[in-house]
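Residue numbering for the sequence shown follows the numbering used here, beginning at 47 and increasing consecutively.
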Amino acid sequence: MRSTFKSIAVAISLIFSVVLSAFSQQKEVQEKDYVAYLFTYFTGNHISEEAVCYAVSMDGYSYWALNGGKPVLDSKVISSTGGVRDPHILRGEDGKTFYMVLTDMVSANGWDSNRAMVLLKSNDLVNWTHTVINMQKKYEGQESLKRVWAPQTIFDPEAGKYMVYWSMQYAGGPDVIYYAYANDDFTDLEGEPKVLFLPENRKSCIDGDIVYKDGVFHLFYKTEGHGNGIKVATTRSLTSGQWTEEPDYKQQTTDAVEGAGTFKLIGQDKYILMYDVYMKGRYQFTETTDLKNFKVIDNDVKMNFHPRHGTIIPITRDELLRITEKWGKPAELGQLPNNPVLPGFHADPEIVYSHQTKKYYIYSTTDGQPGWGGWYFTAYSSDDLKHWTYEGVILDLKSEQVPWANGNAWAPCIEEKLVKGKYKYYFYYSGNPKNGQGKQIGVAVADSPTGPFVDLGHPIITESPVGGGQQIDVDVFTDPVSGKTYLYWGNGYMAGAELNKDMVSIKKKTLTVMTPKGGTLQDYAYREAPYVFYRNGLYYFMWSVDDTGSPNYHVAYGTSKSPLGPIEVAAQPVVLKQNPEQQIYGTAHNSVLQIPGTDEWMIVYHRINKWYLKDAPGVHREVCIDRLQFNDDGTIQPVVPTF
């Protein structure tokens with residue numbers, strides 16, 4: 047057995063880096079992962095106010111300053127003039143890299159005093175690298191350059207690069223919006239600046255802000271010195287020079303405005319166009335669905351600060367936690383969201399604490415594919431159960447890593463074992479066999495919770511013990527009383543068996559069918575997803591009721607005096623169920639974690655993402671964590687699912 051694992055390990059190591067690289071490129075933050083908004087702005091024309099500030103909002107309308115309204119970056123450190131203005135922030139195509147560009151300027155030195163911009167890059171919204179790009183120093187023939195204003199960044203899909211665009215004015219000429227592509231490190235510009243846009247009337251334009259919608263790039267810009275308002279030009283190719291200009295102004299005020307910023311509301315077809323009403327010292331928010339017609343929504347907007355020219359992006363739960371942990375949580379925000387804890391779509395979560403690494407790990411079904419067609423498993427790690435780090439793909443059922451299967455990677459579980467002084471990790475899962483004989487259960491082994499995992503080479507559970515139902519939803523449990531390890535599985539039935547000491551085969555004589563009898567879809571009718579844990583002399587058995595695509599999908603439980611039953615269904619068996627009032631649905635297929643060294647317990651489960659309740663809900667699931675608590679008599683208290 048060991049020689050087989052070793053030979054496969056050599057082959058796996060050769061392809062594993064390629065597999066990880068491929069899947070890392072596919073991993074992006076999706077709109078459903080966004081829970082809040084980040085507003086980057088500056089506050090005024092004194093050098094102390096020309097700095098980057100942050101504010102956050104939970105709804106896109108009410109914004110509360112972080113860090114007590116003080117800057118989050120030191121302008122003296124990141125700029126050449128000691129001041130910065132007009133911050134524009136962009137989330138990169140990989141979902142986790144952020145780009146910020148700034149006007150390098152102190153207005154007290156004069157509106158024609160600056161020649162530079164600042165490029166910044168971050169992976170966490172907290173720590174930024176910075177580079178100053180001085181146009182007169184970088185390029186020849188710039189003696190007549192007067193000013194460099196309001197840079198922004200957008201990814202150009204045709205070039206496959208990040209475009210930086212900004213306005214420049216030369217003596218005797220208009221302000222023109224130029225562009226250049228950033229290098230891969232976002233530390234410099236490549237090539238000479240080129241004209242991106244100049245209106246047909248050849249008059250000045252500044253403060254460009256580009257929004258991509260339905261195949262069209264919409265450039266919002268200010269007509270500087272001839273109207274002082276915001277217009278729009280559109281194109282299907284950023285560098286084509288072919289722009290269609292709309293004749294009307296888009297601001298909904300007669301006051302002078304600048305600094306247009308646009309963003310999409312999370313989960314809606316609405317966009318916000320906001321702008322700086324700079325002569326009045328206020329901001330105006332407008333709403334649109336077509337980027338053509340705008341309605342003032344000032345009465346809906348609240349702020350506890352006075353911003354100048356800034357931009358807003360949506361952020362994830364993890365990003366919100368990170369910036370509020372760094373700069374404090376404004377009291378007005380209320381309770382921050384607990385769930386979901388992983389980005390993207392995941393289901394059937396398994397959680398484990400590794401004594402080797404002193405970290406927690408979650409493994410799951412990769413969701414979001416039609417027909418539950420995910421074919422690989424990923425791992426996420428955490429030190430605190432709040433922040434989770436993507437560890438990559440650990441098992442790919444469409445690769446040579448699993449020779450007997452060709453996809454449908456479902457519902458994994460894992461067990462950490464100390465074998466001859468070294469930790470081993472046994473990863474059990476169900477897959478679709480190449481022989482077409484229905485779902486089967488396999489096992490892969492590693493020396494680390496993140497792999498590389500080496501598959502046994504063949505499934506270990508191939509047939510139903512009751513003649514029907516799928517061999518899926520495997521769970522592994524080591525009995526702390528006897529030290530024996532057991533495997534559980536079954537859809538339509540619950541089966542269990544003791545594992546041999548090799549951990550990769552079962553003792554067939556111990557195979558037991560222990561499906562909880564009776565119940566309805568409103569209480570405890572067994573469907574799938576058995577899970578077993580031990581506490582205070584009792585073996586707790588949990589399972590899922592109804593279908594995974596049903597809002598009613600929920601968790602029930604019973605107890606036993608033995609790891610192989612019989613199971614006594616609890617008097618009040620429902621542990622976890624939907625809460626429609628909170629738009630929480632389909633809460634089931636769980637695992638359980640005991641915090642090491644304590645009697646604190648957590649339940650990890652998936653729910654249906656609320657945006658997909660009527661559109662393929664069974665494959666749009668997300669992973670959540672909540673507290674699991676017990677009464678004095680050992681019964682489980684109903685879990686309150688949280689956002």
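Each residue gets a CB set at the ideal place from its N, CA and C atoms; glycine is no exception. Remember, it's a predicted structure, so these values are computed and weren't measured experimentally.
Residues of its chain near residue i, where Cβ-Cβ distance is below 7 Å and the 5 sequence neighbours each way are ignored
i: Gly128; result: Ile93, Ser121, Lys122, Val152
i: Ser9; result: Past the boundaries of the shown model lies residue 9; the chain is included only from 47 to 689, so the question cannot be answered.
i: Gly287; result: none
i: Pro619; result: Asp569, Tyr570, Ala602, Tyr603, Gly604
Spatially closest choice to residue i from the options, by CA coordinates
i: Phe232; options: Trp212, Leu244, Cys251, Lys207; result: Lys207
i: Phe579; options: Pro498, Lys375, Met588; result: Met588
i: Met320; options: Gln314, Asn452, Leu379, Tyr87; result: Tyr87
i: Gly438; options: Gly482, Thr412, Tyr211, Met146; result: Thr412
i: Lys690; options: Tyr407, Gly420, Val448, Asn598; result: Outside the modelled stretch of the chain, which goes from 47 to 689, sits residue 690, for which no answer is possible.
i: Gln447; options: Leu502, Trp418, Gln402; result: Leu502
i: His652; options: Tyr599, Asn677, Gly680; result: Tyr599
i: Gly488; options: Pro458, Thr496, Phe243; result: Pro458
i: Ile135; options: Leu84, Ser476, Arg328; result: Leu84
i: Asn274; options: Gly313, Val323, Gly237, Phe309; result: Val323
i: Glu95; options: Glu292, Leu119, Trp110; result: Leu119
i: Thr291; options: Val98, Gly305, Lys338; result: One detail in the question is off: residue 291 reads as Glu in this sequence, not Thr. Comparing Cα positions, the closest option is Lys338.
i: Gly467; options: Gly237, Glu238, Asp493, Phe144; result: Asp493
i: Pro395; options: Tyr474, Gly356, Ser445; result: Tyr474
i: Tyr422; options: Pro386, Gly477, Leu379, Tyr399; result: Gly477
i: Leu659; options: Ile641, Gln640, Thr594, Ile518; result: Thr594
i: His392; options: Asn481, Leu112, Cys670, Glu77; result: Cys670
i: Ser168; options: Gln330, Arg368, His355; result: Arg368
i: Lys444; options: Leu171, Pro479, Trp289; result: Pro479
i: Pro133; options: Gly513, Leu366, Cys99, Pro220; result: Cys99
DSSP-derived helix/strand/coil call for residue i
i: Ile369; result: helix
i: Thr299; result: coil
i: Asn350; result: coil
i: Ala662; result: coil
i: Val448; result: coil
i: Asp548; result: coil
i: Trp421; result: coil
i: Gly327; result: coil
i: Ala217; result: coil
i: Trp657; result: helix
i: Ala68; result: Annotation note: pLDDT 37 at Ala68 (below 50); position unreliable, no value reported.
i: Arg363; result: helix
i: Val387; result: coil
i: Glu378; result: helix
i: Ala393; result: strand
i: Ile649; result: strand
i: Thr556; result: helix
i: Val123; result: helix
i: Met540; result: coil
i: Gly114; result: helix
i: Ser428; result: strand
Bridge-paired residues (DSSP) for residue i
i: Glu291; result: Ala279
i: Phe201; result: Tyr208
i: Asn625; result: Ile630
i: Asp230; result: Its beta-bridge partners do not exist; DSSP assigns none.
i: Glu304; result: Asp322
i: Gly604; result: Phe587, Val615
8 Å CB neighbourhood of residue i in its chain, flanking five on each side removed
i: Asn155; result: Thr127
i: Lys553; result: Ala543, Glu544, Leu545, Asn546
i: Ile179; result: Ala162, Met163, Val164, Leu165, Asp234, Leu235
i: Gly237; result: Ala226, Tyr227
CB-CB length for residue i against residue j, believed under 8 Å
i: Thr561; j: Tyr572; result: 5 Å
i: Val694; j: Tyr107; result: Examination of residue 694 is not possible in this model, given that the chain is present from 47 through 689 alone.
i: Gly254; j: Phe243; result: 7 Å
i: Ala97; j: Pro117; result: 4 Å
i: Glu304; j: His355; result: 7 Å
Cut-off 6 Å between Cβ atoms - residues of its own chain near residue i, not counting five sequence neighbours on either side
i: Pro197; result: Val147, Met163, Val210, Trp212
i: Gln675; result: Gln683
i: Asn31; result: Only positions 47 to 689 of the chain appear in the structure, and residue 31 is not among them; the question remains open.
i: Met549; result: Tyr472
i: Ile361; result: Ala82, Leu84
i: Ile397; result: Ile408, Ser637, Leu639, Val650
i: Thr558; result: Gly542, Leu610
i: Trp195; result: Thr149, Ser213, Ile252
i: Pro386; result: Glu668, Val669, Cys670
i: Glu378; result: Trp110
Minimum Cβ-Cβ distance from residue i to chain D less than 8 Å
i: Gly484; result: Absence of chain D from the displayed structure is noted, only one protein chain being present.
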